[in-house]
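**Q** My numbering numbers the first residue of the sequence shown as 910 and each following residue consecutively. Cβ atoms here follow ideal geometry from the backbone N, Cα and C, with glycine treated the same way.
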Amino acid sequence: MTYNQPDDTGFFGQYGGTFVPETLMYAVKELKAAYEASKTDEAFQAELAYLLKDYVGRENPLYLAKNLTEKLGGAKIYFKREDLNHTGAHKINNALAQVMLAKKMGKNKVIAETGAGQHGVATATAAALFGMSCKIYMGAIDVERQELNVFRMQLLGAEVVSVTDGSSVLKDAVNAALRAWVASVEDTHYILGTAAGPAPFPEMVRDFQSIIGREARAQILEKEGKLPAAVVACVGGGSNAAGLFYPFVNDASVDMIGVEAAGHGLDSGETAASINRGTDGILHGNLMRLLQDENGQVAEAYSISAGLDYPGLGPEHCHWNETGRAEYMSATDDEALAGFKLLCVTEGIIPALESSHAISQLPEIAKRYGKDASIIVCLSGRGDKDVAQIKARADKGDF
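#1: With three or more beta-carbon pairs closer than 8 Å as the criterion, would you say the stretch 1099 to 1115 touches the stretch 1018 to 1034?
#2: Suppose only complete runs of 3+ residues qualify. What are the beta strand (DSSP E) ranges in the stretch 1053 to 1124, listed by chain order?
#3: The alpha helix (DSSP H) spanning residue 1234 covers which residue range?
#4: Please return the same chain residues whose Cβ sits closer than 6 Å to the Cβ of residue 1059, not counting the five positions on each side in sequence.
#5: When the Cα of residue 921 is compared with those of 956, 1198 and 1236, which residue comes out closest?
#6: According to DSSP, which residues form a beta bridge with residue 1018?
#7: So residue 1251 is in the beta strand (DSSP E); what residue range does that whole segment cover?
#8: DSSP on residue 947, reduced to helix/strand/coil?
#9: Could you say which of 981, 1306 and 969 lies nearest to residue 1125 if we only look at CA atoms?
#10: Taking the alpha-carbon positions, what's the residue 1077 to residue 1132 distance?
#11: May I ask you to list the residues that DSSP assigns as paired with residue 920?
#12: Extract the residue ranges of the beta strand (DSSP E) inside the stretch 971 to 1033, only unbroken runs of 3 or more that lie entirely within it.
#13: With a CB to CB cut of under 7 Å and the five nearest residues on each side skipped, what residues in its chain are close to residue 1072?
#14: Take residue 965 and list the residues in its own chain whose beta-carbon comes closer than 6 Å to its own, dropping the five residues that flank it on each side.
#15: Identify, in the order they occur along the chain, each residue of the same chain with its Cβ nearer than 7 Å to the Cβ of residue 1171, setting aside the five sequence neighbours on each side.
#16: Who are the Cβ neighbours of residue 941 in its own chain at under 6 Å, not counting the five residues just before and after it?
#17: Taking C-beta to C-beta, are residue 1156 and residue 1106 nearer than 9 Å?
#18: At the level of alpha carbons, what is the spacing between residue 1279 and residue 1294?
#19: Rounding to the nearest angstrom, what Cα-Cα distance links residue 1225 and residue 1166 in this structure?
#20: Go through its chain and collect everything with a Cβ distance to residue 1178's Cβ below 6 Å, but skip five positions before and after it.
#21: Go ahead and label residue 1211 buried or exposed: buried means 16 or more other beta carbons lie within 10 angstroms of its beta carbon, across all protein chains shown.
#22: With C-beta atoms as the reference, is residue 1168 less than 9 Å away from residue 1285?
#23: Tell whether a beta-carbon distance below 9 Å holds between residue 1184 and residue 1144.
#24: Label residue 1233 either buried or exposed according to how many other C-beta atoms from any shown protein chain fall within 10 Å of its C-beta, with 16 as the threshold for buried.
#25: Should residue 930 be labelled buried (16 or more other beta-carbon atoms within 10 Å of its own) or exposed?
#26: Helix, strand or coil: how does DSSP classify residue 1224 here?
#27: Under a three-way DSSP split, which group does residue 1170 fall into?
#28: For the putative contact between residue 1271 and residue 971, defined by C-beta atoms under 8 Å, what is the C-beta separation to the nearest angstrom?
#29: Under the rule that 16 or more other beta-carbon atoms within 10 Å means buried, what is residue 992, buried or exposed?
#30: With C-beta atoms as the reference, is residue 1162 less than 9 Å away from residue 1136?
#31: If you compare alpha carbons, which of 976, 1305 and 919 is closest to residue 1255?
#32: Can you find the residues in the same chain that come closer than 8 Å, C-beta to C-beta, to residue 939, ignoring five residues on each side of it along the sequence?
#33: Do you know offhand how far residue 1030's Cα is from residue 1189's?
#34: Between the Cα of residue 1287 and the Cα atoms of 1006, 1150 and 1219, which residue gives the shortest distance?
#35: DSSP three-state call for residue 1260: helix, strand or coil?
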């Protein structure tokens, strides 16, 4: 059966939907109409294709990691190099497209949330390119641990709002951005950065990011003459994984493997592993797997990676998990740091801490498959932003 999700109401199986206050319903319906129209708007698609090629630098390489493959002794490991995009991460694919939609809807202001800062930098970049006012909401803790990206956003002309509510991380930044959107829907578009939130955001972000998987699929067929055994990506909200997985979803022979952040351990109480330790609940406008306490209150998520420090996982991933189409592993902080170091010393590539979670599980994943098989891993971003955090740990002898 050909995969066809979400349904007309924005549900992926039992997950997703649109759970927003009445004041936001007009804005999400307006967005859905603009997004649907853009699919057949030749001028929109031509401009987006031009910008992705000449501004972002696509197509980016599918790189065979020979040293890492030899070291791990299993399937050939390929990296989809989203870290080589302009601004240094996959986030620019979605941010550019949504800024174009904002223009199409007649909005002249954009707002966004960010954790690791890469979505904030991508949004600030696209806003500057299109001459739009830009405000970025970021948890105060993330402002401190991603100081470099905060300065990059400011250089690009964006206002960075430090959010001190709650635990002062990504969840709280999303809350603040949604409140700001409610008060300014007439002239402002909220550029959600991950494949979560009220419909149509999960579908729209997945579609704008699926260029990752479309390119990877064509590239692996050219290089290997056959499909990979598996596609692998880290998951926080789930945008880079959805973008890589979606073009392979009808290929039953291709395993889809997400790796979420276990923090200090799945049973430590300090984790962001919402598939492995969450239950069904509603947050930020959609039904998804969510970290909650016994009273149904959203629990604090924790990860060394600001980009994965989110208590839920996008609804399509929840659906893929529920139906068994995808598998969701987890990696602790220590394992992610080991993955970070492994790629640095074997391939001369400094990965983002987010991507390092996926890399850390490659010793197990690669050995599942024979040496004639291949796997594709999404290198979702580069690690420049995390170097100061890693150095601080190294200075303490923790790395």
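**A** This is what the structure holds:
#1: yes
#2: 1068 to 1072 and 1097 to 1099
#3: Position 325 of the sequence shown, counted from the start, is the residue given in the question as residue 1234. Note, residue 1234: premise wrong, no alpha helix (DSSP H); not H, not E.
#4: In the sequence shown, residue 1059 corresponds to position 150, counting from 1. So the qualifying residues of the chain are 1052 and 1069.
#5: Position 12 of the sequence shown, counted from the start, is the residue given in the question as residue 921. When each option's Cα is compared against that of residue 921, the closest is 1198.
#6: Along the sequence shown, one-based indexing puts residue 1018 at 109. BP columns for residue 1018 point to 1042 and 1097.
#7: Counted from its first residue, the sequence shown places residue 1251 at position 342. Element bounds for residue 1251: not the beta strand (DSSP E) but the alpha helix (DSSP H), 1242 to 1256.
#8: For this step, residue 947 is matched to residue 38 along the sequence shown. When DSSP states are grouped into helix, strand and coil, residue 947 belongs to the helix group.
#9: For the purposes of this step, residue 1125 is taken as residue 216 along the sequence shown, with counting starting at 1. Checking every option, the nearest Cα to that of residue 1125 belongs to 969.
#10: Translated into positions along the sequence shown, residue 1077 becomes position 168. Translated into positions along the sequence shown, residue 1132 becomes position 223. Those two C-alpha atoms are separated by around 45 Å.
#11: For the purposes of this step, residue 920 is taken as residue 11 along the sequence shown, with counting starting at 1. Answer by DSSP bridge pairing, in chain order: 925.
#12: Qualifying beta strand (DSSP E) stretches, in chain order: 971 to 973, 985 to 990 and 1018 to 1023.
#13: By 1-based counting over the sequence shown, the position of residue 1072 is 163. Answer for residue 1072: 1046, 1047, 1048, 1049, 1081, 1082 and 1085, listed in chain order.
#14: Locating residue 965 in the sequence shown gives position 56, counting from the first residue. Result list for residue 965: 994, 995 and 1001, in chain order.
#15: By 1-based counting over the sequence shown, the position of residue 1171 is 262. The beta carbon of residue 1171 lies closer than 7 Å to those of 1180, 1182, 1239, 1240 and 1241 in the same chain, with the five residues before and after it left out.
#16: One-based indexing of the sequence shown puts residue 941 at position 32. So the qualifying residues of the chain are 1109.
#17: Taking the first residue of the sequence shown as position 1, residue 1156 is located at position 247. Taking the first residue of the sequence shown as position 1, residue 1106 is located at position 197. Contact flag unset, no.
#18: The residue you call residue 1279 lines up with position 370 of the sequence shown. The residue you call residue 1294 lines up with position 385 of the sequence shown. Roughly 35 Å between the two C-alpha positions.
#19: Your numbering for residue 1225 matches position 316 in the sequence shown. Your numbering for residue 1166 matches position 257 in the sequence shown. C-alpha of residue 1225 to C-alpha of residue 1166: approximately 14 Å in a straight line.
#20: As a first step, residue 1178 must be located in the sequence shown, where it is residue number 269. There are no such residues.
#21: Taking the first residue of the sequence shown as 1, we reach residue 1211 at position 302. Residue 1211 is buried by the Cβ-count criterion.
#22: As a first step, residue 1168 is located in the sequence shown; it is residue number 259 there, counting from the start. As a first step, residue 1285 is located in the sequence shown; it is residue number 376 there, counting from the start. No; because the gap between Cβ atoms is not below 9 Å, this pair is not in contact.
#23: Position 275 of the sequence shown, counted from the first residue, corresponds to residue 1184. Position 235 of the sequence shown, counted from the first residue, corresponds to residue 1144. Against a cut-off of 9 Å, the Cβ pair of residue 1144 and residue 1184 comes out as a contact.
#24: Numbered from its first residue, the sequence shown carries residue 1233 at position 324. The residue is exposed, with fewer than 16 neighbouring Cβ atoms inside 10 Å.
#25: Here residue 930 is taken as the residue at index 21 of the sequence shown, counted from 1. So residue 930 ends up on the exposed side.
#26: Reading the sequence shown from its first residue, position 315 is the one you call residue 1224. Here residue 1224 sits in helix by DSSP.
#27: Here the question's residue 1170 lines up with position 261 in the sequence shown. Correct three-state label for residue 1170: strand.
#28: As a working note, residue 1271 is residue 362 in the sequence shown. As a working note, residue 971 is residue 62 in the sequence shown. Wrong, their Cβ atoms sit about 16 Å apart, outside the cutoff.
#29: As a position in the sequence shown, residue 992 is number 83, starting the count at 1. Counting Cβ neighbours within 10 Å, residue 992 comes out buried, since at least 16 surround it.
#30: As a first step, residue 1162 must be located in the sequence shown, where it is residue number 253. As a first step, residue 1136 must be located in the sequence shown, where it is residue number 227. In contact: residue 1162 and residue 1136 (Cβ atoms closer than 9 Å).
#31: In the sequence shown, counting from the first residue as 1, residue 1255 sits at position 346. Of 976, 1305 and 919, the residue nearest in Cα terms is 976.
#32: Position 30 of the sequence shown, counted from the start, is the residue given in the question as residue 939. Only 1014 meet the Cβ criterion.
#33: Within the sequence shown, numbered from 1, the residue matching residue 1030 stands at position 121. Within the sequence shown, numbered from 1, the residue matching residue 1189 stands at position 280. Approximately 31 Å, taken between the alpha carbons.
#34: Here residue 1287 refers to the residue found at position 378 when the sequence shown is read from its first residue. Minimum Cα distance to residue 1287 is reached at 1150.
#35: Your numbering for residue 1260 matches position 351 in the sequence shown. Residue state, collapsed to three classes: strand.
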